[in-house]
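J.:
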Amino acid sequence: MPSSSSDAPAFTQVDWDEVGDGVGRPGARTIGFGLALGVLAALLAYDFVINPDKTMAPLEWDVRREGWLVLVSLVVVARYGLVPLVADRDRTARYVDAFRQRRAGVLALTYLTVFAVIGLVGPGVFEFSYAKLGHRLQPPVFASVSTDIVHTYSCVGPVVDGACQGTWQYPLGTNYIGENVFKNWLSGIHVAFKVGISTAVIMATVATVVGTVAGYYGGVVDDLLMRYVDIQQTVPAIVVYIILATLFLGNMTNISDGGLFAFALVFGLLDWGGIARLVRADAMQRRTTGYVRAAKAAGASNLRVMRRHVVPNSTATIVTALTRRIPLVILAQIGLAFLELNRTRPVSLGNVLLVGVMGRHMPWHVKWWTTVPAVLFLVGMVVSFNVFGDTVRDVLDPREEAQ
Amino acid sequence: MTDDPLLSVRDLAQHYPVRSGLLRRVTGHVEAVDGVSFDVHQGETFGLVGESGCGKSTTATSMLHLESPTGGEVRFDGDPVASLDGDAMDRFRRRAQVVFQDPNSAFDPRLTVAESVAEPLAIHGMDDPDRRREITLDTLERVGLAAADADRYPHEFSGGQKQRIALARALVLNPDLLVVDEPVSALDVSVQAEILSLLQDLQADLGLAMVLISHDLGVVRQVCDRVGVMYLGKLVERGPTESLFSDPQHPYTEALLSAIPEPDPRADDDAVELTGDVPDPSNPPAGCSFHPRCPRIRPPDEFEFTNGTFRAVADLKLALANGTVDGEFDDSAAVREAFDLPSALADDEAEQVLADALDSVIAGRNEVAADRLAEAFTSECEREVPALEPTAAGHVAACIRRDEPSTADAPAEGD
Amino acid sequence: MTDSLLSVRDLRIRFGTDDGTVRAVDGIDFDVRAGETVCLVGESGSGKTVACESITRLIPTTSATVEGSIRFDGTDLTTLSESALESYRGGRIGHVFQNPQDALDPVYTVGAQVVEAIRIHRDVSKGRAREQAIDLLDRVGIGDAESRFEDYPHQFSGGMKQRVVVAMALACDPDLLIADEPTTALDVTIQRQVLDLLADLQAEREMALLFVTHDLGVVADIADRVVVMYAGAVMERGDVYDVFEAPAHPYTRALMACLPGRGEAFETIGGQFPDPTDPPDGCRFHPRCPHAIEECESGSHPDFRTMEQADGTATATPGDDADTDSATTTGDDARPHEAACVLYDDVHTIPTDVGVADD
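Chains as they are written, first to last, in the working numbering: chain C, 9 to 411; chain B, 19 to 433; chain G, 2 to 360.
Here it is, written out as C-alpha cells:
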C-alpha cells in the first residue's frame with residue numbers, strides 16, 4: 009500500500025521546462041560505433057589516397073576492398089551483437105544458462121566459434137611452404153595410399169608394404185599440384201568466414217531496416233516496400249552474379265580480390281527479401297503491443313520506438329533467419345568458385361574442391377583427402393548453423409512470449 | 019482551481035474506412051466513435067462504461083490524439099489538442115498519460131522495471147541517469163512496490179504488481195490527467211480492490227483528473243464521480259454516478275444494471291434480458307442504434323400495444339428484414355409461438371396487419387411480409403437519432419422515452 | 002436421502018515445475034447431487050480449475066500427480082483406464098470452458114462439431130445426428146439454426162460461440178455439466194443470457210452443474226451450494242444462503258467486503274497469494290488474515306467446524322417446501338455450513354466485523 013508520506017513525490021519536483029530541452033545526447037554506444045567507423049574510414053582514406061597498392065605498414069597486410077568490407081562488418085557485429093551482451097550482464101547470464109542446457113546448441117556454437125577463429129586469423133599464422141610438384145598427392149598423416157596406382161610417384165614419407173605413408177609435413181596430404189591440403193583447407197575456411205560475415209551484415213542491415221519500416225508503418229509504405237521485395241525476389245542473386253562475373257571477371261588484372269567483394273554485394277543486396285518479410289511480420293505484431301503504445305503515449309517518436317523496442321525484440325527472428333541463409337550463401341560462393349566464376353586469393357573451398365577432383369594421376373576416390381576434409385567442414389558448418397539458429401530461437405523467444 | 023474543465027471533448031468521432039475490391043475503394047465506415055462529448059474537471063474521475071465494441075477504448079486513444087480523430091474537438095486546459103505541435107505537444111503528452119489494458123504485454127520484456135518506468139523521463143529529455151533512477155525508485159515505492167523490485171524483469175511479477183508498475187510509469191511525468199483503460203479487469207477480486215484503492219489514494223494525494231474506462235459497473239460505481247454509458251460509439255446516458263445508477267433513464271443502462279448479478283441470493287430476479295447481439299458497427303441501425311434490442315421501443319402512436327408485445331413484433335419485423343426467418347412454419351400459430359407473439363394483438367387494426375404479414379410468411383413470401391410490417395409498424399425510434407437531453411433524474415440521456423416510468427410499472431401503453 | 006452424483010474426497014494434485022513442486026490442490030472434499038448447482042469460488046491459484054479438470058482427467062498424467070477419490074455415480078474415476086474414462090467425457094459429464102474460441106476448431110463448421118460431439122458417444126447415423134444437432138443449436142438459442150449449422154466459428158459472436166459450446170457439451174445429455182468460468186470472457190448482458198440458458202437447460206434435463214467462478218454475484222444468482230477455495234484448500238462450504246448471509250471464514254468475509262460498487266466503502270485484503278510451491282503452515286490464509294492467532298500458524302489445514310444457528314442447531318437448507326423445521330428429513334445435516342477456521346472451535350470467538358487489513 010502506498011505510504012501517503014508527507015513529502016511530495018519526487019516526480020512532482022521536476023521542472024520540466026528546464027529539463028525538457030535536452031534533445032538527448034547520443035548514447036555511449038552510438039559514439040563508440042561512430043568512432044570505430046570513423047577510424048576505419050580514416051584508414052581507408054590513408055590506404056586509398058596515400059599508400060595504394062602496397063601493404064599497410066602497421067598492419068602488414070594488404071587490405072583490399074573485401075578486407076574493408078569485412079572490417080566494417082566486424083565493427084557492426086561488435087556494436088550490435090557483442091556490446092549489448094556485455095552491457096547487460098544479467099540478461100546475458102540468463103541466456104547463457106538457458107543455452108548451456110541445450111547440448112546440441114553448445115556443440116554447434118563451439119563449431120562455429122572455431123570456424124570464426126580460423127576465419128579471423130587465417131592460414132597466415134602457420135608457416136607453410138609453397139607447392140612442390142614433386143610432393144604431389146601425398147596422403148594425410150593418418151592414412152596411406154598404394155604406390156602402384158601411379159608411376160613416377162615419389163613419397164615423402166616411408167613406404168610400407170607398397171603403401172606410401174603420410175607425414176606431419178602434410179597433415180592432410182597434398183593435391184595433384186603438390187599444394188598442402190591443410191593450408192588450403194584453412195584458407196578456404198578463412199574465405200568462407202569473410203563471405204559469410206560480410207554478406208550477413210549487409211543482408212541483416214537492409215532487411216531489418218526495410219522490414220521494420222514496412223511492418224511498423226503499414227499502409228502505403230508497407231505496400232510499396234513489399235511490392236519492391238516481391239519484384240526483387242524474382243531476380244535470383246546467383247544469376248546476376250554469374251552475368252557480372254562473365255562480363256567482368258575475365259579481366260583478372262582489374263579485379264584484385266577475385267570477386268569476393270562483388271559476391272558479397274550482389275548477394276547481400278539481392279538476397280535479403282525473405283528475412284525482411286519475417287522482420288516485417290514481427291514489427292507488425294509488436295506495434296500493437298502494450299509497451300509500444302505506452303512509449304508512444306509518453307511522447308516517443310516513431311524512430312525511437314523502432315530503435316529501442318521493435319528492432320531489439322526482433323533479434324531472435326533476425327539471427328535465426330540469418331542462420332538459415334548464411335550457409336546457403338557460403339555454399340553458393342563455393343559452388344561459383346568451383347565453376348571458376350569466383351577466384352579469391354587466398355583460395356576458397358570451391359577452388360580446393362575443383363583442384364581436388366582434377367588430375368589424371370589418381371581416381372578421385374583414391375585421393376579422397378583432397379576433397380573430403382572440405383566437404384566435412386561444409387556439412388558441419390551447415391548443420392551447426394541450423395542447430396545454433398534453432399537454439400537461439402528457443403533461448404531468446406520463450407521469455408518474450410511467456411505470460 | 020477554476021471551474022473550467024481540464025479536458026473537454028466535443029462530438030468526438032473516429033470513423034475507420036472499410037475498403038474492398040481490387041482498387042481498395044472505400045465502401046463504408048466503421049463508426050467506432052460517433053459524436054461523444056464530455057468534460058473532466060481537475061480532481062474528478064469520469065467513468066466511461068460499456069460492453070465490448072462500444073468504442074470506449076477507441077475514445078480514449080482518440081481523445082488523447084494517439085490516433086487522430088476524424089471529427090470533433092478535444093480541448094486540454096483550454097487549448098485545442100489538434101493544433102498543438104512541437105513543444106506544446108510534448109507538454110500535452112506529459113500532462114495527459116494513459117495506462118492501457120492488459121498488464122501482461124505492457125512492458126518491453128528486454129527492459130528491467132526501472133528502465134521501463136524511467137523511459138518516459140528519458141523521452142522527455144531527462145539525461146541524468148541518477149536523477150531518473152531517483153525519481154523511478156520513489157515512484158515505485160509510492161505505488162506499493164519496493165526499491166529492490168526495480169532491477170527485476172516484468173515477467174517476474176504478478177498481474178496486480180504489473181498494473182502498479184504501469185501506473186508508476188504513467189505517473190512519473192507528473193501528469194494532470196490519467197486515463198486508465200480497464201485497470202482491473204484482468205485481476206482477481208482481492209487484487210482489484212487493492213488497485214482501485216491505490217487509484218483513489220493517488221488521486222486524492224495528487225489531485226489528478228481521471229478517466230476510467232471499464233465494462234464493470236461495480237468498479238465504476240465505486241471510483242467514479244461521473245459516468246458516461248456508451249453503446250455502439252455513442253453516449254447514451256451521462257451524469258453523476260449515483261444519479262445514473264439509482265435512476266437510469268436509458269433502457270440500455272437499465273438493462274446493463276439489471277444484468278449484473280447481485281451478490282445476494284435472495285435478490286429478485288428482475289433482469290431485463292436483451293435479445294440478440296450488438297450490431298455490426300460498420301452497419302449501424304438507422305435511428306437510435308439500440309432499437310433492435312430495446313425492450314422499451316416506442317410503438318407507433320396509431321396503435322395500442324400492451325406491454326412487451328411491440329418488442330416481439332419488432333423482432334419479427336427485423337428477422338424478416340434480415341432474412342433470418344426460415345420458411346418452415348406450418349401455420350401462423352407456429353410463427354407466433356416462435357416469436358413470442360400472442361395469439362391475437364389487443365389492437366384490432368394492428369392484429370389485421372400482423373395477420374396479413376403472417377399469411378405471407380406461411381406462403382413463403384417473406385419480403386411481402388417484411389414490407390407490410392415495415393409500412394405499418396415503423397417506430398419513431400427507428401427514424402430519429404436521439405440526442406442527449408436532460409432528464410428529471412438530474413442527468414442526460416439519449417432516449418425519447420426518458421422520464422417515462424420504467425416498463426415494470428408502466429400501465430398498458432398507448433394513451 | 003439423496004446420494005451424491007459426484008463425490009470428491011481428499012483430492013490432491015501436484016505438479017512438478019522448475020521452481021519446485023506446486024501443490025495446486027491439497028486435500029479438498031465436496032459433493033454435487035443430482036440436479037443441483039455447486040459453485041467452486043476462488044481467485045487465481047485457488048486450484049478450482051485444476052480440480053475440475055482432474056475430474057475427468059483432462060490434465061495429462063505426465064505432468065500432474067492426482068491422489069484421492071473422485072466418485073461419480075458410484076464409480077471411482079481415478080481408477081478407470083483412459084479409454085473407460087473417455088466414455089464419460091462428453092457422455093455423462095459435459096464440459097464448458099472459459100474461452101469459446103479455444104473450444105471450437107476454426108476449420109470445421111459449427112454444425113460439424115456438434116455432430117461430432119454426438120457421434121462420439123452415440124451410435125446414430127449422420128442424418129439423425131444432424132437433426133439432433135440442429136435441435137440442440139435451436140435449443141441453446143441460436144436463431145435460424147438450420148442455416149447457421151453451416152457457418153464457421155468466426156462468423157459467430159462471443160456469446161453465440163459459447164452457446165455452441167454449451168450445445169456440444171449437452172449433446173449426449175450429460176448428468177453433470179462442468180463449467181469453468183464460462184461467462185467470464187463475455188459481456189455482462191450476454192452473460193445474463195448464457196446464465197439464463199444454463200438455468201433453463203438444467204431445469205429441463207435435471208442436470209447437475211458444477212460451476213467454477215470468481216464472481217460472487219454469479220454465485221449468488223445460480224448456486225445451490227458454495228465451496229470457497231483458497232490456495233488449494235477449501236475454506237468454507239455450505240448452502241448459498243448461509244454462506245452469503247452469514248459468511249464464516251475470514252477469507253469469505255474479506256472477499257465479500259472487497260466487492261466494488263456496493264455503495265459502501267470497501268475493504269482490501271493485504272498481502273499476496275502464497276507461493277504455490279511453499280504454502281504457509283497451518284491455515285493458508287493466516288498471513289493475510291486480520292484475526293489470525295498463534296494456533297493458525299502451525300499444523301495442517303484446520304478442521305471443518307459446523308456453523309451454528311442462533312438456537313444452537315446445525316444449519317440446514319431452507320428448502321422451498323414446508324419441511325424446513327426438521328433438519329433431518331432433507332438429510333442436509335450431512336452437508337451443513339462449515340468453515341475451516343480455528344476461531345470457530347469451542348474456545349475462541351470471532352469478531353463480527355471483518356476488520357480492516359493492514360499492510
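Cβ coordinates follow ideal geometry from the N, Cα and C atoms, glycine included.
Of all Cβ atoms in chain C, is any one closer than 8 Å to the Cβ of Glu-152(B)?
T.: Yes, because at least one Cβ of chain C sits closer than 8 Å to the Cβ of Glu-152(B).
J.: Kindly indicate which residue of His-215(G), Phe-286(G), Ala-200(G) has the alpha-carbon position closest to the one of Asp-225(G).
T.: Closest by alpha carbon: Ala-200(G).
J.: To test your reading of the DSSP string, which unbroken alpha helix (DSSP H) runs of 4 or more residues are found completely within the stretch 154–187 of chain G?
T.: Taking only runs of at least 4 residues, the alpha helix (DSSP H) segments lying wholly in the stretch 154–187 of chain G are 159–171.
J.: For Asn-310(C), which residues in chain B fall below 9 Å Cβ to Cβ?
T.: Simply none; closest approach about 12 Å.
J.: Less than 6 Å between C-beta atoms, sequence neighbours within five positions excluded: which residues of the same chain meet that for Ser-47(G)?
T.: So the qualifying residues of the chain are Met-230, Tyr-231.
J.: Val-199(C): which of Ile-334(C), Thr-118(C), Ala-305(C), Val-355(C) sits nearest, CA to CA?
T.: The candidate whose alpha carbon is nearest that of Val-199(C) is Val-355(C).
J.: Excluding sequence positions up to five away, which residues of its chain have a Cβ less than 7 Å from the Cβ of Val-51(B)?
T.: Same-chain partners within the cutoff: Leu-30, Ala-31, Gln-32, Gly-73, Thr-76, Thr-77, Ser-80, Gly-251.
J.: Contact defined as beta carbons within less than 8 Å: I believe Gly-170(C) pairs with Ser-154(C). What is the distance between those atoms, to the nearest angstrom?
T.: Between Ser-154(C) and Gly-170(C) the Cβ distance is about 6 Å, and since that is below 8 Å, they are a contact.
J.: Count the other CB atoms within 10 Å of the CB of Thr-100(C); is the residue buried (16 or more) or exposed (fewer)?
T.: Counting Cβ neighbours within 10 Å, Thr-100(C) comes out exposed, since fewer than 16 surround it.
J.: Can you tell me which of the three DSSP states Val-247(B) falls into?
T.: Looking at Val-247(B) - three-state DSSP - the assignment turns out to be strand.
J.: Which of the three DSSP states, helix, strand or coil, is assigned to Thr-2(C)?
T.: What the structure shows of chain C is the stretch from 9 to 411, and residue 2(C) is not part of that stretch, so it cannot be assessed.
J.: What are the residues of the stretch 220–242 of chain B that lie near chain G, defined by any Cβ-Cβ distance shorter than 8 Å?
T.: Against chain G - using a Cβ distance shorter than 8 Å - the residues of the stretch 220–242 of chain B are His-233, Asp-234, Leu-235, Gly-236, Val-237, Val-238, Arg-239, Gln-240, Val-241.
J.: In chain order, what residues of the same chain lie with their CB nearer than 7 Å to the CB of Phe-54(C), ignoring the 5 residues before and after it?
T.: First, the residue type needs correcting, since residue 54(C) is Tyr and not Phe in the sequence shown. Hits under 7 Å: none found.
J.: Run through the stretch 65–114 of chain G for me and flag every whole alpha helix (DSSP H) of 4 or more residues, listed as ranges in chain order.
T.: Fully enclosed alpha helix (DSSP H) runs of 4 or longer: 83–87, 101–104.
J.: Could you pull the start and end residues of the alpha helix (DSSP H) that Asp-25(C) belongs to?
T.: Residues 24–27.
J.: Let me check one thing: in DSSP terms, what residues is Leu-210(G) bridge-paired to?
T.: BP columns for Leu-210(G) point to Thr-38(G), Leu-178(G).
J.: Which one of Phe-150(C), Trp-280(C), Ser-162(C) has the shortest CA to CA distance from Ile-239(C)?
T.: Cα-wise, what sits closest to Ile-239(C) is Trp-280(C).
J.: Would Val-83(C) and Ala-44(C) be called neighbours here (beta carbons separated by less than 8 Å)?
T.: Yes, these two residues count as a Cβ contact at 8 Å.
J.: Out of Pro-183(G), Asp-240(G), Arg-254(G), state which residue places its alpha-carbon closest to the alpha-carbon of Phe-212(G).
T.: Checked all of Pro-183(G), Asp-240(G), Arg-254(G); the closest Cα to Phe-212(G) is Pro-183(G).
J.: Have a look at the DSSP bridge pairing and note the partners of Lys-252(B).
T.: Paired residues: Tyr-249(B).
J.: Are the beta-carbon atoms belonging to Asp-57(B) and Pro-98(B) less than 8 Å from one another?
T.: No.
J.: In chain C, what lies closer than 9 Å to Ile-141(B) by C-beta?
T.: What Ile-141(B) touches in chain C: Gly-32, Ala-303, Ala-306, Gly-307, Ala-308, Ser-309, Arg-312.
J.: Does the stretch 181–195 of chain B come into contact with the stretch 134–145 of chain B, if we say contact requires no fewer than three beta-carbon pairs (one atom in each stretch) closer than 8 Å?
T.: In short, these stretches touch, since the Cβ pair count reaches three.
J.: Give a yes or no on whether the C-beta atoms belonging to Pro-283(B) and Tyr-242(G) are separated by under 8 Å.
T.: Yes, these two residues count as a Cβ contact at 8 Å.
J.: Quick check on this structure: which residue in Asp-389(B), Ala-410(B), Gly-53(B), Ala-405(B) has the alpha carbon closest to the alpha carbon of Ile-418(B)?
T.: Ranking the options by Cα distance to Ile-418(B), first place goes to Ala-405(B).
J.: So is the beta-carbon of Pro-107(G) under 7 Å away from any non-hydrogen atom of the ligand PLP?
T.: In the structure shown, the ligand PLP is absent, as is every other ligand, since no ligand is present at all.
J.: In whole angstroms, give me the CA-to-CA distance for Asp-265(B) and Ala-289(B).
T.: The alpha-carbon atoms of Asp-265(B) and Ala-289(B) are separated by roughly 15 Å.
J.: In three-state terms, what does DSSP make of Phe-31(G)?
T.: Three-state result, Phe-31(G): strand.
J.: Can you say whether Ser-392(C) is buried or exposed, counting buried as having 16 or more other CB atoms within 10 angstroms of its CB?
T.: Counting Cβ neighbours within 10 Å, Ser-392(C) comes out buried, since at least 16 surround it.
J.: Assign Thr-182(C) to one of three DSSP states: helix, strand, or coil.
T.: In this structure, Thr-182(C) counts as strand in the three-state DSSP scheme.
J.: Give the C-beta separation of Gln-99(G) and Asp-181(G) to the nearest angstrom, bearing in mind that I take them to be a contact with Cβ-Cβ under 8 Å.
T.: Correct: roughly 6 Å between the Cβ atoms.
J.: What does a CB cutoff of less than 7 Å around Asp-349(B) pick up in its chain, not counting 5 residues either side in sequence?
T.: The residues are Ile-380.
J.: Spell out the partners DSSP gives Asp-97(B) in its beta bridges.
T.: DSSP, once it has assigned bridges, lists Phe-94(B) as partnering Asp-97(B).
J.: Compare the C-alpha of Met-144(B) against each of Leu-93(C), Trp-24(C), Thr-118(C), Ala-86(C) and name the closest.
T.: Checking every option, the nearest Cα to that of Met-144(B) belongs to Trp-24(C).
J.: Got a sec: is the Cβ-Cβ distance from Gly-298(C) to anything in chain B below 8 Å?
T.: For Gly-298(C), the answer is yes, since a Cβ of chain B falls inside 8 Å of its Cβ.
J.: Taking C-alpha atoms, which residue in Ala-164(B), Ala-168(B), Leu-163(B), Gly-162(B) lies nearest to Arg-150(B)?
T.: The residue with the shortest Cα to Cα distance from Arg-150(B) is Ala-168(B).
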